[in-house]
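Below is one structure; the comments refer to it alone.
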Amino acid sequence: MRLLLVRHGQTPSNVANLLDTVVPGAGLTPLGERQAAAMPEALADEDIEAVYASTLTRARLTAAPLAAARGLDVIVRAGIRELSAGDLEMRPGDSPEGGLYLRTVFAWAAGDTTLRIPGGESGEEALARYDAVIAEAAASGAGTVAMVSHGAAIRVWTAARAVNVDVAFAAARPLANTGAVILEGSPSDGFKALSWAGATVVPAGEGGPAGEPVDAAGRADGPRTDEATSGCCEAGLRSIQDR
Ligand SMILES: O=C(O)[C@@H](CO)OP(=O)(O)O
Numbered sequence: 001m002r003l004l005l006v007r008h009g010q011t012p013s014n015v016a017n018l019l020d021t022v023v024p025g026a027g028l029t030p031l032g033e034r035q036a037a038a039m040p041e042a043l044a045d046e047d048i049e050a051v052y053a054s055t056l057t058r059a060r061l062t063a064a065p066l067a068a069a070r071g072l073d074v075i076v077r078a079g080i081r082e083l084s085a086g087d088l089e090m091r092p093g094d095s096p097e098g099g100l101y102l103r104t105v106f107a108w109a110a111g112d113t114t115l116r117i118p119g120g121e122s123g124e125e126a127l128a129r130y131d132a133v134i135a136e137a138a139a140s141g142a143g144t145v146a147m148v149s150h151g152a153a154i155r156v157w158t159a160a161r162a163v164n165v166d167v168a169f170a171a172a173r174p175l176a177n178t179g180a181v182i183l184e185g186s187p188s189d190g191f192k193a194l195s196w197a198g199a200t201v202v203p204a205g206e207g208g209p210a211g212e213p214v215d216a217a218g219r220a221d222g223p224r225t226d227e228a229t230s231g232c233c234e235a236g237l238r239s240i241q242d243r
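Pasting the structure below:
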């Protein structure tokens with residue numbers, strides 16, 4: 001299966017840099033609407049057979065134009081919603097609470113899956129629900145599947161499951177609104193990332209809290225280079241291929 005994990009379009013909470021993870025969540029800004037509308041053209045070369053979205057409004061709105069263009073219904077699944085911020089909900093991404101959120105979720109990708117966001121979910125729970133939707137899509141027999149999901153969820157799941165993406169790589173590389181991570185593989189054979197943010201739709205928006213590099217004090221912090229902080233795609237792709 002070729003798997004396109006796409007972050008939703010820009011929201012007011014992204015602009016305000018807030019941890020917004022509860023359903024239904026924010027809608028799209030005018031820029032986010034344009035990003036969603038640009039998805040069919042941006043992914044024109046992809047032979048997409050199924051379009052999934054999380055239960056959050058911003059993901060459903062972003063998936064709708066792509067699904068409509070392909071004559072598909074959006075398959076809505078809670079399992080690919082954003083990683084729950086729990087008691088940290090709607091806190092600024094650049095606050096201590098935002099740092100705790102990022103350190104915790106990237107620690108999950110590093111294997112500390114029993115850690116729990118205060119008032120939220122554990123890594124075991126979050127990865128299991130995401131895995132279940134991926135498994136459903138793989139079992140459907142679809143060759144190429146697009147899933148509109150969320151910044152932290154996509155980065156953490158990819159770091160945890162793709163054989164060629166480690167935690168430092170994912171933690172150091174924000175995913176802009178409608179940026180995509182493209183993978184191939186299966187639940188039984190494993191997944192390999194083919195590109196990271198190489199399919200960002202223009203105009204790209206600003207990253208939200210999960211799009212920021214983790215705190216330098218965090219154990220999951222990766223090398224912070226110019227290309228990493230600017231979200232440059234080419235160096236990121238080279239790093240994937242080199243592993
Ligand atoms: O802002 C973000 O980066 C995260 C957390 O709020 O979520 P989303 O990708 O859904 O915007």
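Note that the UniProt record's numbering has the sequence shown beginning at 1, numbered continuously upward. For each residue, glycine too, the CB sits at the ideal point set by N, CA and C. Everything numeric in this text was worked out from a predicted model, so none of it was measured.
Look at the alpha carbon of T104 and the alpha carbon of M147, and state the distance between them as a whole number of angstroms. Rounded to the nearest angstrom, the gap between the Cα atoms of T104 and M147 is 24 Å.
In whole angstroms, what is the alpha-carbon distance linking A180 and G9? Cα-Cα distance, rounded: 11 Å.
Taking 8 Å as the cut-off, does the region 154-169 touch the region 58-77 (at least 3 CB pairs, one atom from each stretch)? Contact between the region 58-77 and the region 154-169 is absent: fewer than 3 CB-CB pairs across the two stretches fall below 8 Å.
P213 burial status per 10 Å Cβ neighbour count (16 or more: buried): Low confidence applies here, because P213 scores a pLDDT of 42, under 50, leaving its location unreliable; read the following figure in that light. Buried, by the Cβ-count rule.
May I ask whether a heavy atom of ligand 1 can be found less than 6 Å away from the beta carbon of E33? E33: no, Cβ never under 6 Å from ligand 1.
What distance in whole Å lies between the Cβ atoms of G123 and W108, which are believed to be in contact at a cut-off of 8 Å? So it is a contact: roughly 3 Å between Cβ atoms.
Spatial neighbours of R161 within its chain, please: CB distance less than 6 Å, with the 5 preceding and 5 following residues excluded, ordered by chain position. Closer than 6 Å at the Cβ level, and outside the excluded window around R161, lie F191.
Please confirm whether D73 and T144 have their CB atoms less than 7 Å apart. No, Cβ-Cβ distance for D73 and T144 is not below 7 Å.
Could you tell me which residues DSSP puts in a beta bridge with G151? DSSP, once it has assigned bridges, lists no residue as partnering G151.
Rank T57, R34 and P30 by C-alpha distance to the C-alpha of D20 and give the top, closest one. Checking every option, the nearest Cα to that of D20 belongs to T57.
In chain order, what residues of the same chain lie with their CB nearer than 7 Å to the CB of V22, ignoring the 5 residues before and after it? E89.
Following a CB-centred definition, is L100 positioned closer than 6 Å to any heavy atom of ligand 1? For ligand 1, not one heavy atom lies less than 6 Å from the Cβ of L100.
Buried or exposed, going by whether 16 or more other CB atoms sit within 10 Å of the CB of E97? Classification for E97: buried.
Report the residue from T29, A63, S54 and L28 whose alpha carbon sits nearest the alpha carbon of A42. Restricting attention to T29, A63, S54 and L28, the CA atom closest to the CA of A42 is found in A63.
On the DSSP letters alone, give me the boundaries of the beta strand (DSSP E) that R7 sits inside. Under the DSSP assignment, R7 falls in the beta strand (DSSP E) whose first and last residues are R2 to R7.
Does the distance between the C-beta of L19 and the nearest non-hydrogen atom of ligand 1 fall short of 6 Å? It does: the Cβ of L19 is within 6 Å (strictly closer) of some heavy atom of ligand 1.
Distance cut-off 6 Å: G119 Cβ against heavy atoms of ligand 1: With a cutoff of 6 Å, G119 does not count as near ligand 1, since its C-beta is closer than that to no heavy atom of the ligand.
Per DSSP, what kind of secondary structure is G86 in: helix, strand or coil? Note: G86 maps to helix in three-state DSSP.
Where T114 falls, given that 16 or more other Cβ within 10 Å makes a residue buried: So T114 ends up on the exposed side.
DSSP state of I80, grouped into three classes? Three-state DSSP puts I80 in a helix.
Check for me: the beta strand (DSSP E) holding I182 runs from which residue to which? Counting along the chain, the beta strand (DSSP E) containing I182 begins and ends at A180 to S186.
By a C-beta neighbour count over all protein chains shown, 10 Å radius and 16 as the cutoff for buried, is P65 buried or exposed? The residue in question, P65, is buried, as its Cβ has 16 or more Cβ neighbours within 10 Å.
Contact check, R81 vs Y52, beta carbons under 7 Å: Between R81 and Y52, the C-beta spacing is not below 7 Å.
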